[in-house]
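Respectively, the protein sequence lines represent chains Z and F. The opening position of the first sequence corresponds to residue 85 in my numbering, with each subsequent residue numbered one higher. The opening position of the second sequence corresponds to residue 38 in my numbering, with each subsequent residue numbered one higher. Ideal placement from N, C-alpha and C gives every residue a C-beta, glycine not left out. No experiment lies behind these values; they were computed from the predicted model shown.
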Amino acid sequence: MMNGTETETEDGTKRSRSLLRFAAPQVFYPIAGRLAPWFAWLAAGLCVAGLWIGFFVAPTDFQQGEVYRVIFIHVPAAWMSMFIYLIMAFWAAVGLVMNTRLSFMMAQALAPTGAMFCFVSLWTGALWGRPTWGTYWVWDARLTSQLLLLFLYLGFIALTQAIEDSRRSDRAGAIIALVGAVNVPIIYFSVQWWNTLHQGASVSLTRAPSMASTMLVGMLLMALAAWAYTFAVSFWRVRSLILERERHTEWVAAELDEQEARA
Amino acid sequence: MKPRSKRLMLLGSAVALLVAAVALVLSAFQQNLVFFHTPSEVAEGKAPVGRAFRIGGMVEEGSIRREADGLTVRFAITDTAKIIPVSYRGSLPDLFQEGKGAVVQGTLAPDGLFHASEVLAKHDENYMPVEAQYAIDQAHKAAQTVQQ
Numbered sequence: 085m086m087n088g089t090e091t092e093t094e095d096g097t098k099r100s101r102s103l104l105r106f107a108a109p110q111v112f113y114p115i116a117g118r119l120a121p122w123f124a125w126l127a128a129g130l131c132v133a134g135l136w137i138g139f140f141v142a143p144t145d146f147q148q149g150e151v152y153r154v155i156f157i158h159v160p161a162a163w164m165s166m167f168i169y170l171i172m173a174f175w176a177a178v179g180l181v182m183n184t185r186l187s188f189m190m191a192q193a194l195a196p197t198g199a200m201f202c203f204v205s206l207w208t209g210a211l212w213g214r215p216t217w218g219t220y221w222v223w224d225a226r227l228t229s230q231l232l233l234l235f236l237y238l239g240f241i242a243l244t245q246a247i248e249d250s251r252r253s254d255r256a257g258a259i260i261a262l263v264g265a266v267n268v269p270i271i272y273f274s275v276q277w278w279n280t281l282h283q284g285a286s287v288s289l290t291r292a293p294s295m296a297s298t299m300l301v302g303m304l305l306m307a308l309a310a311w312a313y314t315f316a317v318s319f320w321r322v323r324s325l326i327l328e329r330e331r332h333t334e335w336v337a338a339e340l341d342e343q344e345a346r347a
Numbered sequence: 038m039k040p041r042s043k044r045l046m047l048l049g050s051a052v053a054l055l056v057a058a059v060a061l062v063l064s065a066f067q068q069n070l071v072f073f074h075t076p077s078e079v080a081e082g083k084a085p086v087g088r089a090f091r092i093g094g095m096v097e098e099g100s101i102r103r104e105a106d107g108l109t110v111r112f113a114i115t116d117t118a119k120i121i122p123v124s125y126r127g128s129l130p131d132l133f134q135e136g137k138g139a140v141v142q143g144t145l146a147p148d149g150l151f152h153a154s155e156v157l158a159k160h161d162e163n164y165m166p167v168e169a170q171y172a173i174d175q176a177h178k179a180a181q182t183v184q185q
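Here it is in structure tokens:
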């Protein structure tokens, strides 16, 4: 097990060898542990700043009044829920091609956070839809595809938890992650491809944002906070997964002894 | 070929096939994925007959009027090309206004009047302070006076 990554890289280039070094669970475990608190503090700071701007600095909207302020939670959560699924699919593909165990563990560590952001986006969307559109829910393409994303997350979690053998559960989960990733561009472009009740994107890479700059700053700060939060919790979660899966190895025994001695 | 490149090839072709399959399914269901029809589509007879459907568009300026019973509202929905008159009994969402987007669900009577059972407001993706909207309105007015 210890020299597993070295045999992997015999045919690789120098660069891939240095990157693959981090794919060894016993190398990544302490790195993740050191990085996670920094990301957690960063997330807390960005979240406070973003919410402050969102709720106290940003002006009232000309059309929706105060209710539009849901946007500061709704949009960052929706973005993150889509992005995390793509990252999961990326790790699943890396795991299938390179046979790296840590990639599958990263995919599993990200899933609960993605599911949470997905639920938050649907929930805040319902609360926003009632006073503005006049309904909590409609079956338009945007809302339906986002609900499908939640089911994909839950399906991924349920399937990987249901299979005892970790190699088989990794592969089964990877297939859901890769197949489900097709849904993400459908969610994103649904408002352009079909008539939907949901409005189009206010912020996109191809044109200037259609919202006032203080509103935009608040929303982007919240989006960065969501990123930092995702890094922090997925690092903590992947550490638990590493310990659980590598519990029969010597380095985990040594690590646990050390942690016990410190406590 | 190295086993790793082989796996990458296999995975790549599997994903490409999947994307192609989904694209075909979506284009086949194009009509069913539409949340509402436009007034022009309704005028062309593309809307379903004999069952409830939705029309989306702008509420025609100056078209909202309340019937004597105080509950029934009459208005017209337009996509600037065609206009569909609508009758609705019930409460309207706050953002329902003349000149703004709306989606109505209901059935089309033979006389061309749309009997709505539900009215939803559709807002756009623009967010700005009240003052900015006021400034824009003033600029529009100024531009119009110059033209006259």
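Closest to residue i by C-alpha separation, out of the options, would be which residue?
i, options, result
"V336(Z)", "S324(Z), R346(Z), A347(Z)", "S324(Z)"
"M172(Z)", "G257(Z), L135(Z), G117(Z)", "G257(Z)"
"A210(Z)", "M190(Z), T197(Z), F106(Z), R226(Z)", "R226(Z)"
"P109(Z)", "R185(Z), W311(Z), V301(Z)", "R185(Z)"
"G138(F)", "S124(F), V156(F), G149(F)", "V156(F)"
"L129(F)", "K39(F), V52(F), K43(F), R102(F)", "R102(F)"
"L243(Z)", "V222(Z), F156(Z), A195(Z)", "A195(Z)"
"V222(Z)", "H282(Z), A107(Z), S297(Z), C131(Z)", "H282(Z)"
"L55(F)", "V266(Z), E330(Z), A316(Z)", "V266(Z)"
With a threshold of 16 other CB atoms inside 10 Å of the CB of residue i, please say whether the residue is buried or exposed.
i, result
"L119(Z)", "exposed"
"T97(Z)", "Confidence in T97(Z) is poor, its pLDDT being 47 and thus under 50, which makes the residue's placement unreliable; the coordinate value appears in the next sentence. The residue in question, T97(Z), is exposed, as its Cβ has fewer than 16 Cβ neighbours within 10 Å."
"N87(Z)", "With a pLDDT of 41 at N87(Z), under the threshold of 50, the predicted position of this residue should be treated as unreliable, though the coordinate-derived value follows. Exposed, since its Cβ has fewer than 16 Cβ neighbours within 10 Å."
"S289(Z)", "Just to set this straight, residue 289(Z) is Leu in the shown sequence, not Ser. Classification for L289(Z): exposed."
"K178(F)", "exposed"
"E342(Z)", "exposed"
"A60(F)", "exposed"
"G149(F)", "exposed"
"L47(F)", "exposed"
"F235(Z)", "exposed"
"T182(F)", "exposed"
"V62(F)", "exposed"
"W175(Z)", "buried"
"D174(F)", "exposed"
"F201(Z)", "buried"
"E97(F)", "buried"
Taking the alpha-carbon positions, what's the residue i to residue j distance?
i, j, result
"V204(Z)", "A180(F)", "44 Å"
"Q67(F)", "W278(Z)", "8 Å"
"R41(F)", "F167(Z)", "26 Å"
"E92(Z)", "S64(F)", "Legend: pLDDT at E92(Z) = 44, less than 50; position of this residue unreliable, no value from coordinates given."
"L308(Z)", "V287(Z)", "15 Å"
"V159(Z)", "E344(Z)", "42 Å"
"S165(Z)", "G198(Z)", "5 Å"
"E339(Z)", "Y169(Z)", "32 Å"
"G87(F)", "A146(F)", "9 Å"
"E150(Z)", "W311(Z)", "26 Å"
"Y125(F)", "V141(F)", "9 Å"
"I326(Z)", "G302(Z)", "36 Å"
"P143(Z)", "V275(Z)", "26 Å"
"Y171(F)", "S294(Z)", "16 Å"
"R44(F)", "G179(Z)", "11 Å"
"A177(Z)", "A161(Z)", "24 Å"
"R214(Z)", "H332(Z)", "53 Å"
"E81(F)", "E162(F)", "29 Å"
"T216(Z)", "S50(F)", "44 Å"
Shorter than 7 Å, the distance from the beta carbon of residue i to the closest heavy atom of the ligand ZN, or not?
i, result
"G129(Z)", "In terms of ligand content, the structure shown is empty, and the ligand ZN therefore cannot be addressed."
Counting only Cβ-Cβ distances shorter than 7 Å, please list the residues of the segment 290-306 of chain Z near chain F, keeping chain order. S294, M295, A296, M299
Give the residues from the segment 152-170 of chain F that approach chain Z closer than 9 Å (Cβ to any Cβ), ordered along the chain. Going along the segment 152-170 of chain F in chain order, one finds E155, V156, L157, A158, K159, H160, D161, E162, N163, Y164, M165, P166, V167, E168, A169, Q170 with a Cβ nearer than 9 Å to chain Z.
If you measure beta-carbon to beta-carbon, which residues of the segment 176-204 of chain Z are closer than 9 Å to chain F? A177, L180, V181, M182, N183
Name, going along the chain, the residues of the segment 131-152 of chain F whose beta-carbon falls closer than 7 Å to a beta-carbon of chain Z. D131, L132, V140
Output the residue ranges of the beta strand (DSSP E) runs that lie fully inside the segment 141-217 of chain Z and measure 3 residues or longer, sorted by chain position. none
Runs of alpha helix (DSSP H) lying entirely within the segment 203-288 of chain Z, each at least 4 residues, in chain order: As far as the segment 203-288 of chain Z is concerned, its whole alpha helix (DSSP H) runs of at least 4 residues are 225-246, 250-264, 267-277.
Contact set between the segment 255-267 of chain Z and chain F, restricted to residues whose Cβ is under 7 Å from the partner: L262, V263, V266
Using a Cβ cut-off of 9 Å, which residues of the segment 68-97 of chain F contact any Cβ in chain Z, in chain order? Considering only beta carbons, the part of the segment 68-97 of chain F lying closer than 9 Å to chain Z consists of L70, V71, F72, F73, H74, T75, R91, G93, in chain order.
What residues in the segment 156-167 of chain Z have a beta carbon less than 7 Å from any beta carbon of chain F? none
Against chain Z: residues of the segment 41-53 of chain F by CB proximity under 7 Å: R41, R44, L45, L48, V52
Quick one: complete beta strand (DSSP E) runs, 3+ long, within the segment 107-176 of chain F? 109-115, 120-126, 138-145, 151-159
Selection of the segment 318-345 of chain Z by Cβ proximity to chain F, strictly under 9 Å: Within the segment 318-345 of chain Z, no residue has a Cβ that lies closer than 9 Å to any Cβ of chain F.
Scan the segment 106-137 of chain Z for residues whose Cβ lies nearer than 9 Å to a Cβ of chain F and list them as they occur along the chain. none
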